[in-house]
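Below is one structure, written out as structure tokens; comments come after it.
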Amino acid sequence: MVARLVTVPPGPDRDPGLHLLFDMVVSIAPGCEDGETLTIECLRRWLAVAVERPKRLGPPDALDKEIAASLTRLVMDKVPAAECHAQLQQLFGGEPDTATLQLIVPDPLGLDERRLAPGATAEGWRAAWAEMLSAVTGWSVMSTLVSAIRSGASWTAPTGATKDEIALLGRVADGTSQPDKLVVMHERQHNLIACPKCHLQLTPHERGRLKLARVCSCNLCGRVILNLGL
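The opening position of the sequence shown corresponds to residue 6 in this note's numbering, with each subsequent residue numbered one higher.
Next comes the structure, spelled out in structure tokens:
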């Protein structure tokens, strides 16, 4: 059914199918042979599709809450908390604010939560939720770095940056280089990985660095590019 869902563009047309599949997973998978493993596997496949929802205005809806509860359930089962936190950030286009978090925090007595983890305690839900939100993601590191450099606060060089890139970031931070020597990539342009400033397509080596380390340089204009994509 996941294969059928991905043929539907993310958004309102896909949401009913996501609700239906979630209900099937939490209703059927736990009762199957090796139900624990099957439930986790199905949730991970469902989440990969569910978090593709376009960013929306207004408060979180029922599907957002199902996603948040499912991610917390995975943390309970020792799926890396940073991986789950990254998917939550992808869902909301960044770190959810306090008001949003209050609306999506799992309710240990809720129907979905009791079906997701029948034997879990309230403390178990709270601990997994806190562990997920405190886990540092690649997006979190780069978001903090950009804010620090642009505000003149202290900052830590990103892992994977070259000496030249670190030096340029330092000059931008102290004002001896133009602010636009640092550019931020939020998403691909025209499905290409190109410098957001001069629009030159990046070399395969720099594309690899941008994906893995979230930092690279443009070979044409010399700017440092930080990846804030989700």
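For glycine and all other residues, C-beta sits at the position ideal for the given N, C-alpha and C.
To the nearest angstrom, report how far apart VAL54 and CYS37 are at their CA atoms.
Locating residue 54 in the sequence shown gives position 49, counting from the first residue. Locating residue 37 in the sequence shown gives position 32, counting from the first residue. So the two alpha carbons sit approximately 23 Å from each other.
Under the rule that 16 or more other beta-carbon atoms within 10 Å means buried, what is ILE230, buried or exposed?
If you number the sequence shown from 1, residue 230 lands on position 225. Buried, because 16 or more other Cβ atoms sit within 10 Å of the Cβ of ILE230.
Can you check which of these residues, ALA91, THR105, SER139, is closest to GLU57 by C-alpha distance?
If you number the sequence shown from 1, residue 57 lands on position 52. When each option's Cα is compared against that of GLU57, the closest is ALA91.
Have a look at the DSSP bridge pairing and note the partners of MET190.
The residue given as residue 190 occupies position 185 in the sequence shown. According to DSSP, which records beta bridges pairwise, MET190 is partnered with ASN232.
Other residues of its chain near LEU26: CB distance less than 8 Å, five sequence neighbours each side excluded:
By 1-based counting over the sequence shown, the position of residue 26 is 21. So the list reads MET6, VAL7, LEU10, TRP51, once near-sequence residues are dropped.
Apply the 10 Å Cβ neighbour rule to VAL30 and answer buried if 16 or more other Cβ atoms are within range, or exposed otherwise.
As a position in the sequence shown, residue 30 is number 25, starting the count at 1. With 16 or more other Cβ atoms within 10 Å, it is buried.
Could you check if LEU174 belongs to the surroundings of the ligand NAP, using beta carbon to heavy atom distance under 7 Å?
For the structure depicted, the ligand NAP is absent and the ligand set is empty, with no information on it obtainable.
Proximal residues to TRP134 (C-beta, below 7 Å), its chain only, five neighbours per side dropped
For the purposes of this step, residue 134 is identified with residue 129 of the sequence shown, where counting begins at 1. Once the five neighbours on either side are set aside, the close Cβ partners of TRP134 are THR77, VAL110, PRO111.
If distances are taken between C-alpha atoms only, which option among GLY22, LEU23, CYS47 comes closest to ALA34?
Within the sequence shown, the letter at position 29 stands for residue 34. Closest option to ALA34, Cα to Cα, is CYS47.
Assuming LEU174 and ILE154 make a contact with CB atoms under 8 Å, what is their CB distance in whole Å?
Working through the sequence shown from its first residue, we reach residue 174 at position 169. Working through the sequence shown from its first residue, we reach residue 154 at position 149. Contact flag correct, Cβ pair sits at about 6 Å.
Rounding to the nearest angstrom, what Cα-Cα distance links ALA74 and HIS210 in this structure?
Here residue 74 refers to the residue found at position 69 of the sequence shown. Here residue 210 refers to the residue found at position 205 of the sequence shown. Between ALA74 and HIS210, the C-alpha separation is close to 38 Å.
Coarse secondary structure for SER159, derived from DSSP in three states
For the purposes of this step, residue 159 is identified with residue 154 of the sequence shown, where counting begins at 1. Three-state result, SER159: coil.
CYS221, enclosing beta strand (DSSP E) - first and last residue
Within the sequence shown, residue 221 is the residue found at index 216, counting from 1. Looking at the DSSP string, the run of the beta strand (DSSP E) that includes CYS221 is 220-222.
Between the Cα of GLY234 and those of SER145, ASP66, PRO85, THR208, spot the shortest distance and give me the residue it belongs to.
Along the sequence shown, read from residue 1 onward, the residue named residue 234 stands at position 229. Nearest option by C-alpha distance: SER145.
Just to confirm, is the Cβ distance from VAL220 to PRO163 under 8 Å?
By one-based count along the sequence shown, residue 220 stands at place 215. By one-based count along the sequence shown, residue 163 stands at place 158. Result yes, Cβ atoms of VAL220 and PRO163 sit closer than 8 Å.
Coarse secondary structure for GLN183, derived from DSSP in three states:
Residue numbering aside, residue 183 sits at position 178 when the sequence shown is read from its first letter. Coil, per DSSP.
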